[in-house]
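Let me begin by presenting the structure, written as structure tokens, before commenting on it.
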Amino acid sequence: MTLKRCVQVLALVSVMPTAASAWRAVNQHDVYQIAPGVFEVVSEPGSGAVDFWCGIGDFGRMQLNLGATQKIYIWRGIGPSVTRPERAAVQFSLNEPPGEAAKPGYTLSVKQAGDSLSASFARQYCAGSRFDPFERWID
Numbered sequence: 541m542t543l544k545r546c547v548q549v550l551a552l553v554s555v556m557p558t559a560a561s562a563w564r565a566v567n568q569h570d571v572y573q574i575a576p577g578v579f580e581v582v583s584e585p586g587s588g589a590v591d592f593w594c595g596i597g598d599f600g601r602m603q604l605n606l607g608a609t610q611k612i613y614i615w616r617g618i619g620p621s622v623t624r625p626e627r628a629a630v631q632f633s634l635n636e637p638p639g640e641a642a643k644p645g646y647t648l649s650v651k652q653a654g655d656s657l658s659a660s661f662a663r664q665y666c667a668g669s670r671f672d673p674f675e676r677w678i679d
């Protein structure tokens, strides 16, 4: 390959869009930032509500260094993933979604925008995870 050809290839590669990088939660669910302050937890086969809450709770505590009482809100309930179209996902935010009033109490559902849990409450769903032999509990 000639030097000119190498330079052309490198120039092309440098301007190509890169895929958003995922952070892998302790339960092996990928978490992507899809907009400023909005994060998507992508399902794995057999995922349930506890898996989505574990994923965002682990991400919040380990990556965002959220305080234990910081609320995490469902931005968009379970639906098609933005980052992995063949999968389902739940979108979360640290802010209430527009047009949704904060709901009192706790819920395990991942269907309704505006539902919330604290970062530590969400992360406790990772307890005893079959994926983490060391059970990361750093609070």
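For the sequence shown, position 7 matches number 547 in the working numbering, and the numbering has no gaps at all.
Backbone N, C-alpha and C fix where the C-beta goes; we use that ideal spot for every residue, glycine too.
Quick caveat, the model's predicted, so the values are computed rather than measured.
**Report entry** Cut-off 7 Å between Cβ atoms - residues of its own chain near residue 621, not counting five sequence neighbours on either side
**Finding:** Correct list, in chain order: 580, 582, 627, 628 and 629.
Report task. Would you identify the three-state DSSP class for residue 667, choosing helix, strand or coil? Result -> The answer is coil: DSSP assigns residue 667 none of H, G, I, E or B.
Query - Whole-number beta carbon distance between residue 646 and residue 632, since they are thought to touch under 8 Å - result: Here residue 632 is actually not in contact with residue 646; their C-beta atoms are around 15 Å apart, not less than 8 Å.
**Report entry** Nearest-angstrom beta carbon gap, residue 577 and residue 634 [assumed within contact, 8 Å]
**Finding:** Yes, residue 634 and residue 577 are in contact; Cβ-Cβ is about 6 Å, under 8 Å.
**Report entry** Segments of 4+ residues assigned as alpha helix (DSSP H) that fall wholly inside the region 584 to 623
**Finding:** List check, alpha helix (DSSP H) in window: 589 to 602.
Query raised in the report: Which whole-angstrom value describes the C-beta separation of residue 662 and residue 608, a residue pair presumed to lie in contact below a C-beta threshold of 8 Å?
Result: Rounded, the Cβ-Cβ distance is 10 Å, inconsistent with contact.
Report task. Identify, in the order they occur along the chain, each residue of the same chain with its Cβ nearer than 8 Å to the Cβ of residue 610, setting aside the five sequence neighbours on each side. Result -> The beta carbon of residue 610 is closer than 8 Å to those of 600, 634, 658 and 659 in its chain, skipping five residues each way along the sequence.
Query raised in the report: At what residues does the beta strand (DSSP E) containing residue 580 begin and finish?
Result: From DSSP, the beta strand (DSSP E) with residue 580 extends over 578 to 582.
Report task. Please classify residue 561: does DSSP put it in a helix, a strand, or coil? Result -> Three-state result, residue 561: coil.
Query raised in the report: Rounded to the nearest angstrom, how far is the Cβ of residue 619 from that of residue 652, given a contact under 8 Å?
Result: Wrong, their Cβ atoms sit about 12 Å apart, outside the cutoff.
Query raised in the report: CA-CA distance, residue 564 and residue 597?
Result: For residue 564 and residue 597, the distance between alpha carbons rounds to 12 Å.
**Report entry** Own chain partners of residue 573 with C-beta closer than 6 Å, once the 5 adjacent residues on each side are dropped
**Finding:** Hits under 6 Å: 579.
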